[in-house]
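In the numbering used here, the protein residues as written are 39 to 225. Each residue gets a CB set at the ideal place from its N, CA and C atoms; glycine is no exception.
Structure, rendered in structure tokens:
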């Protein structure tokens, strides 16, 4: 399937740096913030955002990761036995401002699942959403608070975020000719 690289390594780095600054600005600092990355690519993104914040604020922001496998509403149509990864919430989330981090926002269903999984760990003061790519086509009333790049797509395209921690390189590509079901399964 043909693909087109939309963001290169430098574009990804700049987007993450900008998002880190926006988070600190909107939250008037970083006290009471916990970054939680959605497995798989949201987790390394959350760590990178925290590293950026540490660099310019000289403050450690707790970072965790969240598995949403058992909270997806398409679980029965995906696989018989879902692959469950560990969830690591680094602190009590009661009354904290949670910054939920994922790579791509598409229908909104993965984010709904992430919020369901997160609420099982307590009642945060607020949940804010960071995505590297917002590709549109929402099916649920969910929007990101912080976006690296808005990237309108058609339903027969898939956005592939590649991160060095997972894929060996940083880039974002659009792959054409992907069925809607394949695209949803991959999100």
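Top-ranked residue by Cα proximity to residue 190, from 142, 66, 102: 142
Would you please state the rounded distance, in angstroms, between the beta carbons of residue 137 and residue 73? I believe it to be under 8 Å. 5 Å
Could you tell me the distance, in whole angstroms, from the CA atom of residue 43 to the CA atom of residue 215? Residue 215 has its alpha-carbon roughly 15 Å from the corresponding atom of residue 43.
Alpha-carbon to alpha-carbon, residue 101 and residue 71: 9 Å
Run through the DSSP bridge pairs and tell me what residue 85 is partnered with. Note: residue 85 sits in no beta bridge, so no partner.
Selection from 95, 174, 86 that minimises the alpha carbon distance to residue 50: Minimum Cα distance to residue 50 is reached at 86.
From residue 132 to residue 206, what does the alpha carbon distance come to, in whole angstroms? Rounded to the nearest whole angstrom, the CA to CA distance from residue 132 to residue 206 is 36 Å.
When the Cα atoms are used, what is the spatial distance from residue 188 to residue 172? 5 Å
Kindly give me the distance between the Cβ atoms of residue 53 and residue 186, rounded to whole angstroms, as I take these residues to be in contact under 8 Å. 3 Å
Check each candidate in 82, 179, 96 and name the one with the smallest Cα separation from residue 202. The shortest Cα separation from residue 202 among 82, 179, 96 belongs to 82.
Just curious, the beta strand (DSSP E) that residue 103 is in, first and last residue? 101-104
How should residue 98 be labelled, buried or exposed, when 16 other C-beta atoms within 10 angstroms of its C-beta is the threshold for buried? exposed
Evaluate residue 155 with the Cβ neighbour count: other Cβ atoms within 10 Å of its Cβ, from every protein chain shown; 16 or more gives buried, anything less gives exposed. The residue is buried, with at least 16 neighbouring Cβ atoms inside 10 Å.
Given that a residue counts as buried once 16 or more other Cβ atoms are within 10 Å of its Cβ, and exposed if not, what is residue 204? Under this definition residue 204 is an exposed residue.
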